[in-house]
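K.L.:
Structure incoming, see below.
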Amino acid sequence: MNIDQTLVKAKEESTSTNILLKKYNVYINNLDSSDVNSSSTAMSRFKELFKEEDKILCDSAFVIFNNLYEKLDRNLNELHEKDTTNYESLVLLTQNGKKPIISKKLLDYKQKLKDNGFEISEEEGITFIQKDRDFISKHFYPYVSHTMKDYLSKLNQENKEGFASDAELIIAPNIFVERMIWYENFINNNSNFLFISNCKEKRKYLLTFSLIGMDNTPVFDNETNKLSEYYKDLYEYLISKHQNSQTTKIIKPYYMAFKNSQPKLAKELIMEYKSKKLIFDYNE
Numbered sequence: 031m032n033i034d035q036t037l038v039k040a041k042e043e044s045t046s047t048n049i050l051l052k053k054y055n056v057y058i059n060n061l062d063s064s065d066v067n068s069s070s071t072a073m074s075r076f077k078e079l080f081k082e083e084d085k086i087l088c089d090s091a092f093v094i095f096n097n098l099y100e101k102l103d104r105n106l107n108e109l110h111e112k113d114t115t116n117y118e119s120l121v122l123l124t125q126n127g128k129k130p131i132i133s134k135k136l137l138d139y140k141q142k143l144k145d146n147g148f149e150i151s152e153e154e155g156i157t158f159i160q161k162d163r164d165f166i167s168k169h170f171y172p173y174v175s176h177t178m179k180d181y182l183s184k185l186n187q188e189n190k191e192g193f194a195s196d197a198e199l200i201i202a203p204n205i206f207v208e209r210m211i212w213y214e215n216f217i218n219n220n221s222n223f224l225f226i227s228n229c230k231e232k233r234k235y236l237l238t239f240s241l242i243g244m245d246n247t248p249v250f251d252n253e254t255n256k257l258s259e260y261y262k263d264l265y266e267y268l269i270s271k272h273q274n275s276q277t278t279k280i281i282k283p284y285y286m287a288f289k290n291s292q293p294k295l296a297k298e299l300i301m302e303y304k305s306k307k308l309i310f311d312y313n314e
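When you line the sequence shown up against our numbering, it's residues 31 to 314, in that order.
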């Protein structure tokens, strides 16, 4: 949800609360979205303005903060890519069999990131900056609604569990399933949620990879000409635990097509789901 949508949604509230949101929005827009310190600055201003306000208003204010948080994430990573500093010692447990020696400069940088809701991470030997959502839980959970807190807690959990790395799924099949079901239920129960479009996008993303697989976690094992063990476990867990879910209604026919040795039908189902916009078509 963008800022304009957030402000429109708040129109039912009093003029004074609308002014408060606009005041915070102006303040945020004047911050440098390439300076990591802007995150803690925006957080402090949030507390000053909204500490005595109701949780619904705080939800709208958090959306404004989150827009900055997302911009910072993108901009900090762009700067990080251009940075020639070696950050490996911040992510390596050992280096040449020993605990890496970390300079004070790097330790200070790591702390600055943490103080503003970010951290250094690594994938395939390349370091990058990612959100540290414990920052959000510490500073915003006391102010937002239960629904917003549930959503933000889920994002934090996902951030820690991960999803994929090097084109390979890194979460267990049952965790994958429960994540899809969580979004299905959350969307059904919170149709007017401020981040509902994000939730729908995430569910579509998860559903897509539950059907098409990844390069290093394929749905079909070409060596055995059968479903891969990962996806067999995923589908069977889904059907046994969530038989009446919308997710099962989409995935079960696909699973049965493979089970009944009907690969043509399986392909047709994928094409149908893409045409109905149930899953992403990454070939478009």
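Every residue, glycine too, gets a C-beta built ideally from N, C-alpha and C.
Among the residues of its own chain, which have a CB less than 6 Å from the CB of Ile166, if the five just before and after it don't count?
P.N.:
If we look at Ile166 and ignore the five residues flanking it on each side, its Cβ neighbours are Leu182.
K.L.:
Whose C-beta lies closer than 7 Å to the C-beta of Phe158 among residues of the same chain, with five residues either side of it excluded?
P.N.:
Within the same chain, Phe158 has close Cβ partners Asn107, His110 and Ser151.
K.L.:
Any idea if Asn96 is buried or exposed, counting beta-carbon neighbours within 10 angstroms, 16 or more meaning buried?
P.N.:
The residue in question, Asn96, is buried, as its Cβ has 16 or more Cβ neighbours within 10 Å.
K.L.:
I need the boundaries of the beta strand (DSSP E) containing Phe158, first residue and last residue.
P.N.:
Ile156 to Lys161 is the extent of the beta strand (DSSP E) around Phe158.
K.L.:
Just how far apart, CA to CA, sit Asp375 and Leu143?
P.N.:
Residue coverage of the chain in this structure runs from 31 to 314, which leaves residue 375 outside it and unanswerable.
K.L.:
Pick out the complete beta strand (DSSP E) segments inside the stretch 165-192, 3 residues or longer, and give them in chain order.
P.N.:
Within the stretch 165-192, no complete beta strand (DSSP E) run reaches 3 residues.
K.L.:
Taking the alpha-carbon positions, what's the Ile49 to Arg75 distance?
P.N.:
In a straight line, the C-alpha of Ile49 is about 15 Å away from that of Arg75.
K.L.:
How many whole angstroms separate the CB atoms of Ser90 and Leu224, which I take to be in contact at a CB cut-off of 8 Å?
P.N.:
Confirmed, Cβ separation roughly 7 Å.
K.L.:
How is the alpha helix (DSSP H) around Glu259 delimited, first residue to last?
P.N.:
That run of the alpha helix (DSSP H) goes Glu259 to Lys271.
K.L.:
Tell me the rounded alpha-carbon separation between Tyr303 and Ile309.
P.N.:
Cα to Cα, the separation comes out at about 6 Å.
K.L.:
Alpha carbons only, please: which of Thr177, Glu82 and Asn290 is nearest the one belonging to Asn219?
P.N.:
That would be Thr177, whose Cα lies nearest to the Cα of Asn219.
K.L.:
Would you check if the stretch 277-286 and the stretch 237-246 touch, i.e. whether three or more CB-CB distances between them fall below 8 Å?
P.N.:
Cβ pair count under 8 Å is three or more, so yes.
K.L.:
How far does the beta strand (DSSP E) with Ile150 in it reach, from first residue to last?
P.N.:
Here the beta strand (DSSP E) through Ile150 covers Phe148 to Glu153.
K.L.:
Any idea what DSSP makes of Glu231, helix, strand or coil?
P.N.:
In this structure, Glu231 counts as helix in the three-state DSSP scheme.
K.L.:
If the criterion is Cβ atoms closer than 9 Å, does the pair Gly102 and Phe170 meet it?
P.N.:
It should be pointed out that residue 102 corresponds to Leu in this sequence rather than to Gly. Not a contact, by the Cβ cut-off of 9 Å.
K.L.:
Which of the three DSSP states, helix, strand or coil, is assigned to Asp138?
P.N.:
Of the three classes helix, strand and coil, the one that applies to Asp138 here is helix, per DSSP.
K.L.:
Quick one: is Thr115 buried, meaning 16 or more other Cβ sit within 10 Å of its Cβ, or exposed?
P.N.:
Under this definition Thr115 is an exposed residue.
K.L.:
Determine the extent of the alpha helix (DSSP H) in which Ile26 is found, giving its start and end residues.
P.N.:
Nothing about residue 26 can be read from this structure; the chain reaches only from 31 to 314.
K.L.:
Comparing the CB of Lys304 with every heavy atom of the ligand MN, is any distance shorter than 8 Å?
P.N.:
You won't find the ligand MN in this model; it holds no ligand whatsoever.
K.L.:
When DSSP labels each residue in this structure, what does Leu199 get in the three-state scheme?
P.N.:
Of the three classes helix, strand and coil, the one that applies to Leu199 here is strand, per DSSP.
K.L.:
Would you decide whether Glu214 is buried or exposed? Buried here means 16 or more other CB atoms lie within 10 Å of its CB.
P.N.:
The residue in question, Glu214, is buried, as its Cβ has 16 or more Cβ neighbours within 10 Å.
K.L.:
What separation, rounded to the nearest whole angstrom, lies between the Cα atoms of Lys77 and Lys168?
P.N.:
Rounded to whole angstroms, Lys77 to Lys168 spans 12 Å at the Cα level.
K.L.:
State buried or exposed for Tyr68, treating a residue as buried only when at least 16 other CB atoms are found within 10 Å of its CB.
P.N.:
The sequence shown places Ser at residue 68, not Tyr. Classification for Ser68: buried.
K.L.:
Would you call Ala72 buried or exposed, if buried means 16 or more other Cβ atoms sit within 10 Å of its Cβ?
P.N.:
With 16 or more other Cβ atoms within 10 Å, it is buried.
K.L.:
Using the rule of at least 16 other Cβ atoms within 10 Å of the residue's Cβ for burial, across every protein chain shown, is Met301 buried or exposed?
P.N.:
Under this definition Met301 is an exposed residue.
K.L.:
Would you call the stretch 248-261 and the stretch 179-196 touching, i.e. three or more CB-CB distances under 8 Å?
P.N.:
These segments do not touch.
K.L.:
Going by alpha carbons, who is nearest to Val207 out of Leu236, Thr47, Ile200 and Leu185?
P.N.:
It is Leu236.
K.L.:
Return the CA-CA distance between Glu154 and Glu118, expressed in angstroms with no decimal places.
P.N.:
Going by the C-alpha atoms only, they are around 12 Å apart.
K.L.:
Between which residues of its own chain and Leu98 is the CB-CB distance below 8 Å, once the five residues before and five after are set aside?
P.N.:
Correct list, in chain order: Ile58, Leu61, Ser63, Ser68, Ser69 and Ala72.
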